[in-house]
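K.L.:
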Amino acid sequence: MTWTARLQGEAQPQAADEQPSLHLGPGRVIGRRIQRLEDPRLLTGQAPFVADVNLPGMVHAAIVRSPAAHGYLRTIDAAEALGSPGVQAVLTAKDLDELGVGEMPVHWLRPGQRNVSNPILATDKVYYVGQPVAVVVADDAYAAEDAAELVSLEIDPLPAMVNAEEALQPGATILHEEWETNLLAEHIASGGDVDRQFEHAEVVIAERFQIQRQAGMPIETRGAAATYDPLTGELTLWVSTQMPHLVKTDICQVCGWPGHKVRVIAPAVGGGFGVKEPPYPEEIVVCVLAKQLARPVKWVEDRREHFLASVQAREMTWDVELAADGNGRILGLRGRVIYDVGGHASAQGIGVPIVGTGMMLGPYDVQHMRVHILGAVTNKVPAGAYRGFGRPQATFVMERLVDELAARLNLDRAAVRQRNFIAPHAQPYRNALGHVYDGGDYGRTLDRALRQIGYDVFAARQAEARAQGRLLGIGFVTFVMEAGLGPSEQIVRGGHMTGTYETVLIRMDPSGKAVVYCGSSSQGQGHETTLAQVCADRLGLDPERDVVVVLGDTATTPYSPASAIGSRVGMVGGAATFLAADRIREKLVKLTAHLLEANVGDIEISEGLAYVQGSKDRALTIQEVATAACLGSNLPDGMLPGLEVSETFDPPVSTFPYATHAATVEIDPDTGGLTILRYVVVQDCGTMINPSVVEGQIAGGVAQGIGGALLEQLVYNSDGQPLTTSFMDYLLPTAVEIPDIEIVHLQTPAPDIPGGMKGLGEAGTVAPAAVLGNAVADALAPFGIRVTTLPLDPDRLWRAINRRGDGAS
Amino acid sequence: MKPPPFKYVRPSDLNEVISLLSQHGEEARLLAGGQSLVPMLNFRLLRPSVLIDLNAVTHMDSLAVADGTLLIGSMVRQRTAERSPDVLITAPLVVQALRHVGHFQIRNRGTMGGSLMHSAPAAELPGVALLLEAQMVLRSSRGERVIQASDFFCGPFTTAADPDEILTEVRFHTPPGARTTFLEVARRSGDFALAGVAALARIDPETRVLKEVRLAAIGVSGGPVRLFQAEAVVTGRYATPEALRESGAAAADEVTPSTDLHASEDYRKRLLNVLVARALAEITTL
Ligand SMILES: Cc1cc2nc3c(=O)[nH]c(=O)nc-3n(C[C@H](O)[C@H](O)[C@H](O)COP(=O)(O)OP(=O)(O)OC[C@H]3O[C@@H](n4cnc5c(N)ncnc54)[C@H](O)[C@@H]3O)c2cc1C
C-alpha cells in the first residue's frame, strides 16, 4: 500500500500539469507544484554522500566504544591493535590532550547548568554503552574494525542509573561525582498565577504520562571524511550534518584552528531529523587524524553505532494537572516533567523540554501555567533533537488532558476545544509564557478536519460497530507551534548559543542566470527547489532552467549559525532569498529604465524579460540587462557594476504555524492490533512555496509521528545495556503501516516574514501521538481506559482491554 | 558492522562442497541467500574461517513433483517457490507461509534450505516442515541420510544436521483432501511473527466431522512446535465455534513462550489462542 497526499484545494494552488510552462514573475512561481530539482540526482544515485568521498591514500577510522554503561576507565591497552595488519594509529583522550584538542561545547546553556562541554574521547569515566573511548585508523574499514576489537579496556563497573526519575532520588548513584547530583539543569516555565486558578477550579484532571525513548533514525547514518593539505594548512571535512557552519565553528574552537583554513562541506545528506543537528566527537577526531597522519581519513557510522552513539530523544515523564470550570473552560496547567538527558548533556542541553513546554497551551486561551522542567542524567545515550523538539510530547500530554476533561464533564471533545480556542480577532495573542502568536483561526482548521473525516456521523458508526463487538475510535488535535527560533537576540538570551539569522548571496553573471548561495544544508527537504522558486519568482526566471542553489559548503556559502533546524529554512532562508532577489530585481529595473529611457516605475520583470509596462516591444531580456550590469560601461548615475547581492534576514519574530490532525482507528479486541482507518491533516503553514514539497514534509512527519506512537522504542536493561541496536528490534514504520494521508491546506501568510512563509518541516510529527492516543482512548472508552503511556503497542492495548480499567494503558 | 576475515570459495559442484565441508568442519559455513548469514557475519556473531558459496553449485535448485510429493532443492529461492504452480498445487501451505517471510526483496535472495537450516524460532518454513512432516535430505562425505522434520528442529538456530552436512532437498507431502492455512501476527508487515500457526484439516465428506487436524506454532517456543493437545481437542468433532475456541485455549496451554522486547509471554499465548481458532475457522468453513 502507498500513501497519497491529496490536495483538497482550499488554497487553490494549480496542479503541475495545468500550468503554462512560461508564466514567470512575481507571485507566479512561489506556490507552484514544480518537481523537485534535486530529485533526478538523488533518484539516479548520482548525488554524492559522505560514504562516496574516496581520496587517494585514504585511511579508515573505527571507534572503540564503551561496552559498559557506567564505570571508571582505568586503562586502555592498544598494543595488540597497533600490531594488527594495516593499522596506522590508535588515538585516545591522552593523545587529544597532548595535541591541545579541547572538549565538545554544549550549545544550549541554562543558568546553573552543570556541564557546558564534554570530552571527545572518554577520560577517566564512561557514562553510557557506546561512548567513544579510542579510535583505530587502518588502511581499510575492515582492518580498522578487526583492530578495534583488539583494544582492551579495563573498566571498573559502577551501578547504572537507567531511570531519570530514580536518578533524582536521594541515594541514587551519581554519574558526575563533582556535581553531587544527577540534575543537569532545570527551568520553570511559568506565567500568570496558576495556583489561584486551581483554588477555584471545579474540575482538576491529574495524570502521569510517560513517553518512551525514540530517535530520528535517518536512513543515511552519520559520517565524516577529512583531508589536510600540509602545503596550505587547509583542512576540508565532508560531513553528514544539518549544520555545516556550526561544525566548522566547533572544530575551530575545539582544535584552536583558524576559520579561514577550515572548510566543511555537507554533501548530499540522507535525512537528519535533528540527529545530525549537533556536531559530534567523531567529526572532530577525523579532522585531527587527517592533520596528524597527513592522509585523508574517513569514518562512516554503521547502524549499530548509530543506536549507540547518535543522539536519542523524547523520553519524558510528566506529572500534570489541568484545572477547569464546570463548562470545560480551561483555567490553568501545572506540573513537572522529568527529561532523561542520557550520560551527559548533548549540544541541546535541556532545550527540548523547554521548547516543548513553551507552546504547550497551544491554541487555547489560557493565561496560567507553571511547569517545572528537570533534566536528569542517566547511563544512556545523550538525548537531543528529534523533529518536533519536545512538541510531540507536550502536545500528547495537553491533548490527552483535554480529552479527559471532556470525558469527565461529559462534553463533546470538539466543543470543549472550540470553547477554549483563542479567537481569531484576539490575534496577535500573547500566551502565558510571553510568546506572541502571529495570527490563526484554530476553530476553522478543527471544523475543516472534522468535516473531512466525518465526525458528525462517526458516533453512529462507532455505536453500530460496538454492537458487533468491534472497537472504533476517533481522535483529533489542534496545535500551534513556534517555528523559526525567533530573533537571534531572543534565542541567545534564552541560552542557545547560536544566532537564528540566515544570509543569502545571489549572483547573476552576464548570462542572466542566478546562483543562490545559502549556508543551510539539505537532508532531503527540498531546499534547492524551494529557494530556487523564491529567487525565480522575484526575478521572472524559470526555477528549473535559470537558477541554481548552492547549499552546505562553508567555503562558498555565507555563514549560517542555525542552518537546517527548527523548521526554519523555507521561512528564514526563504525570506533572505526573497530580499536578496528583490535587490537584484531593483537593480535590473533601474538599469532597464536607464537603457530603455523609461521611468523606473514603469518597468516590469517577468517571463525572462524586463520591459516597459503595456508595451512589450520596449523590452530587454534579463540576459541583456545582466550583461550590461556586468559590463559596467553604461550605467545610471551612482550605480556600481555587477549583480551580486547578499541579504541577511534575522527574523523579527517567530512564526506560529498551526494545524488540526484527525484520525479514525479500529482495534481488534482479541489481539490489541490497531489499524489506522483514516488520517486527515488540515495545515496552515503560511505561504506555500511549493505545495508538493509541503505535502511531502507533512506526510513524512506524520509517518514518523505514527512510528513514535505505535512502534518505536529504545529499550535499555537495568544494567544500562541497550537492547534495541538494530532495525530488527527498533521498529520503524514502513509504507504498509502508514495510511493514506489526506491533506487540506489553509494559507494565511505570515505578516512579518518576507514571502509569508511560516515554517513547516517539523509540523507533521507534532500531533500523531496525541491524535492516536485520543483515538485509542475513544475506541477503548467502554473499558474505562486512560491512555497515558507510549508506544501504543498491541500487547499494551490487549492488556488494557482485558484488565478493564486497572490503570493506564 | 564489517565481517571478520574469512576465506571465500565458490565451488560449482556438490561433491566439491561436500569435500570442503569434511575438510573444514565447524570452521566452514555455507552461504546460500545470505539473508541471515551475512547480517550475522557483519554483527560478528559468527566467525567462520571459510565461507562456501552455494550460489554457483549446479543442480541444487530443482523443483519436482513425484507421486504427489514436492521435492524441492535447498537452493530454490523462496520467491520462486512462492510463485510456482507446482508448489501451490502440491503444498499450498508453503505458499501460504512464504507470503509472511520478510519482504519480497528478501525472498528473492533467501532460499528454502537457508531458512530451514537457519531455523529461527519464529521462522515460518520450519513450522510448515513440521506440520507437513517433511523429509530433510542431508549429504556429507559419509553419504546421504533423510531426517523427519520432527527430529530435525532442535531449538533456536539448531538442527539435527552435523556441521559437515549439507541440506540438499526437502520433501513436502500434503495428505489428499486436506486444507491448509498459515496465519500469524507480527508487529509490522514482514517482521518475524510474535506468534504464528500452520494448520491442516481434513473433513469427512459424509459426516462433516474433522477427521484429521494438524497444528504447528511458531514464535512461541525455541523452534516450531506441534500442538498435539489442540489437535486432539477438535479431532473427531464438528468444527463448531465452541470446538475451535477450545482448541485455541488448549494450544495456549501447551506452550510456554518467552517474553521479549516485542511481546510478553501471556500476550503470545493469547495470540496463539486466537490464531488457532481463526485458522481452523478458515479451513473448516466452505
Ligand atoms: C529484513 C529481513 C526479514 C526477514 N523476515 C523473515 C521472516 O519473517 N521469516 C523468516 O522465516 N525469515 C525471515 N528472514 C530470513 C530469511 O528468510 C532468510 O533468507 C533465511 O532465514 C535464510 O535463508 P538464506 O538462503 O538467506 O540463507 P543464508 O543466510 O545464506 O544461510 C543461513 C544459514 O543456513 C546455512 N545454510 C544455508 N543453506 C544451507 C544448506 N543447503 N545446507 C546446510 N546449511 C545451509 C548457512 O550456513 C547459514 O548458517 C528475514 C531476513 C531479513 C533480512
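Top line first, the protein sequences correspond to chains A and B. Just add 55 to wherever you are in the first sequence, counting from 1, and you've got our numbering. Just add 12 to wherever you are in the second sequence, counting from 1, and you've got our numbering. We put the CB at the ideal spot given by N, CA and C, even for glycine. Bear in mind that the values here come from a model prediction, so they are computed numbers and not experimental data.
State the Cα-Cα distance for the pair A/Ser76 and A/Ala587, rounded to the nearest angstrom.
P.N.:
Locating residue 76 of chain A in the first sequence gives position 21, counting from the first residue. Locating residue 587 of chain A in the first sequence gives position 532, counting from the first residue. Per-residue confidence for A/Ser76 stands at a pLDDT of 48, beneath the threshold of 50, marking its modelled position as unreliable; no derived number is given.
K.L.:
Assuming the contact rule is C-beta atoms closer than 8 Å, A/Phe328 and A/Tyr556 should be a hit. Round their C-beta distance to whole Å, please.
P.N.:
As a working note, residue 328 of chain A is residue 273 in the first sequence. As a working note, residue 556 of chain A is residue 501 in the first sequence. The Cβ separation is near 23 Å, so there is no contact.
K.L.:
Does the Cβ of B/Ser48 lie closer than 7 Å to at least one heavy atom of ligand 1?
P.N.:
Position 36 of the second sequence, counting from 1, holds the residue named residue 48 of chain B. B/Ser48: yes, Cβ under 7 Å from ligand 1.
K.L.:
Closest to A/Pro809 by CA distance: which of A/Asn857, A/Val602 and A/Gly629 is it?
P.N.:
The count along the first sequence starts at 1 and reaches residue 809 of chain A at position 754. Selected option, being the one with the closest Cα: A/Gly629.
K.L.:
Could you tell me whether any non-hydrogen atom of ligand 1 is closer than 7 Å to the CB of A/Glu499?
P.N.:
Residue numbering aside, residue 499 of chain A sits at position 444 when the first sequence is read from its first letter. It should be noted that the sequence gives Arg, not Glu, for residue 499 of chain A. No, the Cβ of A/Arg499 stays beyond 7 Å of every heavy atom of ligand 1.
K.L.:
Rounding to the nearest angstrom, what Cα-Cα distance links B/Gln35 and B/Phe18 in this structure?
P.N.:
In the second sequence, counting from the first residue as 1, residue 35 of chain B sits at position 23. In the second sequence, counting from the first residue as 1, residue 18 of chain B sits at position 6. Approximately 16 Å between the Cα atoms of the pair.
K.L.:
Quick one: grab the DSSP three-state call for A/Phe451.
P.N.:
Counting from one through the first sequence, the residue named residue 451 of chain A turns up at place 396. Correct three-state label for A/Phe451: helix.
K.L.:
Are the stretch 430 to 437 of chain A and the stretch 731 to 750 of chain A touching by the rule of at least three beta carbon pairs closer than 8 Å?
P.N.:
The answer is no - the stretch 731 to 750 of chain A does not touch the stretch 430 to 437 of chain A, with fewer than three Cβ pairs under 8 Å.
K.L.:
Quick check on the burial criterion: 16 or more other C-beta atoms within 10 angstroms. Buried or exposed for A/Phe711?
P.N.:
Here residue 711 of chain A refers to the residue found at position 656 of the first sequence. Its Cβ being crowded by 16 or more others within 10 Å, A/Phe711 is buried.
K.L.:
With DSSP run on the structure shown, which of helix, strand or coil describes A/Cys573?
P.N.:
Your numbering for residue 573 of chain A matches position 518 in the first sequence. A/Cys573 falls in the strand class under three-state DSSP.
K.L.:
May I ask you to list, following chain order, the residues of the stretch 187 to 212 of chain A that have a beta carbon less than 8 Å from some beta carbon of chain B?
P.N.:
The residues in question are Ala196, Tyr197, Glu200, Asp201 and Glu204.
K.L.:
Does B/Met72 get closer than 8 Å to chain A when you measure Cβ to Cβ?
P.N.:
Position 60 of the second sequence, counted from the first residue, corresponds to residue 72 of chain B. For B/Met72, the answer is no, since every Cβ of chain A falls outside 8 Å of its Cβ.
K.L.:
Tell me the DSSP secondary structure of A/Val142 in three-state form.
P.N.:
Counting from 1 along the first sequence, the entry for residue 142 of chain A is found at position 87. A/Val142: strand per DSSP, three-state reduction.
K.L.:
Mind pulling the chain B residues with CB within less than 7 Å of A/Asp357?
P.N.:
The residue you call residue 357 of chain A lines up with position 302 of the first sequence. Correct list: Met13.
K.L.:
Any beta carbon of chain A sitting closer than 8 Å to that of B/Pro17?
P.N.:
Mapped onto the second sequence, residue 17 of chain B falls at position 5. It does; some Cβ of chain A falls within 8 Å.
K.L.:
For A/His255, I'd like the list of residues in its chain whose CB is within less than 6 Å of its CB, leaving aside the five on either flank, ordered along the chain.
P.N.:
As a first step, residue 255 of chain A is located in the first sequence; it is residue number 200 there, counting from the start. If we look at A/His255 and ignore the five residues flanking it on each side, it has no Cβ neighbours.
K.L.:
State the Cα-Cα distance for the pair A/Pro437 and A/Trp373, rounded to the nearest angstrom.
P.N.:
In the first sequence, residue 437 of chain A corresponds to position 382, counting from 1. In the first sequence, residue 373 of chain A corresponds to position 318, counting from 1. The straight-line gap from Cα to Cα measures roughly 20 Å.
K.L.:
I'd like to confirm something about A/Ser121: is its beta-carbon nearer than 7 Å to some heavy atom of ligand 1, or not?
P.N.:
Sequence index remark: in the first sequence, residue 121 of chain A carries index 66 (1-based). Not under cutoff, so the answer is no.
K.L.:
To be precise: take each residue of the stretch 348 to 375 of chain A, compare its Cβ to all Cβ atoms of chain E, and keep it if any distance is under 9 Å. Which residues remain?
P.N.:
You won't find chain E in this structure, because its protein chains are A and B.
K.L.:
Could you confirm whether any beta carbon from chain B is found closer than 8 Å to the beta carbon of A/Asp774?
P.N.:
Walking along the first sequence from the start, residue 774 of chain A turns up at place 719. Output row for A/Asp774: interface = no.
K.L.:
Is it buried or exposed for B/Glu181, if we count other Cβ within 10 angstroms and need 16 for buried?
P.N.:
Residue mapping note: residue 181 of chain B aligns to position 169 of the second sequence, counting from 1. Buried: at least 16 other Cβ atoms inside 10 Å.
K.L.:
Less than 8 Å separating the beta-carbons of A/Ala323 and A/Gly185?
P.N.:
By one-based count along the first sequence, residue 323 of chain A stands at place 268. By one-based count along the first sequence, residue 185 of chain A stands at place 130. It is not a contact, given that the beta carbons lie outside the stated cut-off.
K.L.:
Using only alpha-carbon positions, find the residue among A/Leu852, A/Pro823 and A/Arg851 that is nearest to A/Arg446.
P.N.:
Taking the first sequence and counting its residues from 1, the one referred to as residue 446 of chain A is at position 391. Selected option, being the one with the closest Cα: A/Pro823.
K.L.:
Identify, in the order they occur along the chain, each residue of the same chain with its Cβ nearer than 7 Å to the Cβ of B/Gly202, setting aside the five sequence neighbours on each side.
P.N.:
Locating residue 202 of chain B in the second sequence gives position 190, counting from the first residue. These residues qualify, in order along the chain: Gly114 and His115.
K.L.:
Does the contact criterion of 3 or more C-beta pairs under 8 Å hold for the stretch 163 to 173 of chain A versus the stretch 352 to 369 of chain A?
P.N.:
Not touching, per the Cβ criterion.
K.L.:
Using the three-state DSSP reduction, which class does A/Trp163 fall into: helix, strand or coil?
P.N.:
On the first sequence, position 108 is the one that residue 163 of chain A refers to. In the structure shown, A/Trp163 sits in a strand (DSSP, three-state: E or B).
K.L.:
According to the neighbour-count rule (16 or more other Cβ atoms, all chains shown, within 10 Å of its Cβ), is B/Phe240 buried or exposed?
P.N.:
Against the second sequence, residue 240 of chain B aligns to sequence position 228. By the neighbour-count rule (16 or more Cβ atoms within 10 Å), B/Phe240 is not buried but exposed.
K.L.:
Suppose only complete runs of 3+ residues qualify. What are the beta strand (DSSP E) ranges in the stretch 417 to 461 of chain A, listed by chain order?
P.N.:
Fully enclosed beta strand (DSSP E) runs of 3 or longer: 424 to 432.
K.L.:
Distance check for A/Met298 and A/Ile793, CA to CA, integer angstroms please.
P.N.:
Numbered from its first residue, the first sequence carries residue 793 of chain A at position 738. Numbered from its first residue, the first sequence carries residue 298 of chain A at position 243. Approximately 30 Å between the Cα atoms of the pair.
K.L.:
Is A/Met563 near ligand 1, going by C-beta to nearest heavy atom under 7 Å?
P.N.:
Here residue 563 of chain A refers to the residue found at position 508 of the first sequence. A/Met563 Cβ: outside cutoff for every heavy atom of ligand 1.
K.L.:
Listing by chain order, which chain A residues have their CB less than 7 Å from the CB of B/Ser276?
P.N.:
In the second sequence, residue 276 of chain B corresponds to position 264, counting from 1. Near B/Ser276 (Cβ distances below 7 Å), the residues of chain A are Asp850.
K.L.:
Which residues in the same chain have their Cβ closer than 8 Å to the Cβ of A/Val491, if we skip the five residues on either side of it in sequence?
P.N.:
As a first step, residue 491 of chain A must be located in the first sequence, where it is residue number 436. The residues are Pro483, Tyr484, Arg485 and Val708.
K.L.:
Do A/Ser615 and A/Thr558 count as a contact pair if the criterion is CB distance below 8 Å?
P.N.:
On the first sequence, residue 558 of chain A is found 503 positions in, with the first residue counted as 1. On the first sequence, residue 615 of chain A is found 560 positions in, with the first residue counted as 1. Yes, the pair counts as a contact, with Cβ atoms nearer than the cut-off.
K.L.:
Would B/Arg41 pass as an interface residue toward chain A - the criterion being a Cβ-Cβ separation below 8 Å?
P.N.:
Position 29 of the second sequence, counting from 1, holds the residue named residue 41 of chain B. Not closer than 8 Å to any Cβ of chain A, the Cβ of B/Arg41 fails to qualify, so no.
K.L.:
Need the endpoints of the alpha helix (DSSP H) that B/Tyr279 sits in, please.
P.N.:
Within the second sequence, numbered from 1, the residue matching residue 279 of chain B stands at position 267. Segment Glu277 to Thr296, the alpha helix (DSSP H) holding B/Tyr279.
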